[in-house]
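*Asks:* Note that the numbering used here gives residue 730 to position 142 of the sequence shown, counting from 1, and the numbers run on in steps of one. Got a structure here, written out as structure tokens. Questions coming.
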Amino acid sequence: MNPFQLPTATCDGCGVTPTTPLFMHTISYRAINRRFCTNCVLKQQQGTFCPICFELFDDSIIPNLRLMCIRCPSIAHRSCVLPSSTPDFAFLCPPCADPNFSYFKIDRRTIDFHATKVLAAAAQISANTLSRAATAIRLDAERRAMVAVGARKRAIEALEHFADVVAKEQEASTEEEDDSGTENSGSESSD
Numbered sequence: 589m590n591p592f593q594l595p596t597a598t599c600d601g602c603g604v605t606p607t608t609p610l611f612m613h614t615i616s617y618r619a620i621n622r623r624f625c626t627n628c629v630l631k632q633q634q635g636t637f638c639p640i641c642f643e644l645f646d647d648s649i650i651p652n653l654r655l656m657c658i659r660c661p662s663i664a665h666r667s668c669v670l671p672s673s674t675p676d677f678a679f680l681c682p683p684c685a686d687p688n689f690s691y692f693k694i695d696r697r698t699i700d701f702h703a704t705k706v707l708a709a710a711a712q713i714s715a716n717t718l719s720r721a722a723t724a725i726r727l728d729a730e731r732r733a734m735v736a737v738g739a740r741k742r743a744i745e746a747l748e749h750f751a752d753v754v755a756k757e758q759e760a761s762t763e764e765e766d767d768s769g770t771e772n773s774g775s776e777s778s779d
């Protein structure tokens, strides 16, 4: 096996093995990293990008500049949807309009402008999910570290308390021995 060749992976969504590993993306979902082909990434992340121009959404876009598909959570820019093709209330995204629709044809030999936009959108979605997962893991690690610091502090306090109790018990037993030794020596001297 060529050490520079990436291992081929099967898509966890559709089971397809892409022609090149570059078309596979790692998505973090509920703290589990899964591998998906470009098409499955985009189908599973509807509503996070425009299905026409493949621009990812952020919170800065005004909601009235978007159109939501009437069948799925997909959202498109109002400017990307041709005004004459459909009224506002009846927008169908490409996957809902065509049951055989595929965002990305895996068997393509050349990558055109559309394919690069699709790949870039899927890669950005993958990077975003992994970034959010890394942040969540970091926050969980920081929380666990704080819990460990608190537990260590309580353990030290418990050990110090235990050492104080043992020292007091030893002091009390030493005083008892001294008192009993003094009583015995006092009773021997009176005889």
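All residues carry an ideal CB built from backbone N, CA and C; glycine is no exception. All values derive from a computational prediction rather than experimental measurement.
Could you give the uninterrupted runs of the alpha helix (DSSP H) lying entirely in the segment 677-711, keeping only those of 4 residues or more?
*Replies:* 682-685
*Asks:* If you draw a straight line from the alpha carbon of Ile615 to that of Met734, how long is it in whole angstroms?
*Replies:* 29 Å
*Asks:* Would you mind reading off the limits of the alpha helix (DSSP H) that contains Leu653?
*Replies:* First-last for Leu653: undefined, no H or E at that position.
*Asks:* What do you get for Thr717, buried or exposed, if any count of 16 or more other CB atoms within 10 angstroms of its CB means buried?
*Replies:* Classification for Thr717: buried.
*Asks:* Roughly how many angstroms separate the alpha carbons of Cys657 and Leu644, rounded to a whole number?
*Replies:* In a straight line, the C-alpha of Cys657 is about 16 Å away from that of Leu644.
*Asks:* DSSP puts Ala664 in a beta bridge; with which residues?
*Replies:* Leu655
*Asks:* Could you work out which residue in Arg622, Ala755, Tyr691 is closest to His702 when comparing CA atoms only?
*Replies:* Distance check between His702 and each of Arg622, Ala755, Tyr691 places Tyr691 closest, using alpha-carbon atoms only.
*Asks:* Of the residues Phe611, Ile640, Ile620, which one's Cα is nearest the Cα of Thr626?
*Replies:* Looking from the CA of Thr626, the closest CA among Phe611, Ile640, Ile620 belongs to Phe611.
*Asks:* Are Cys668 and Ile713 close, meaning C-beta to C-beta below 8 Å?
*Replies:* no
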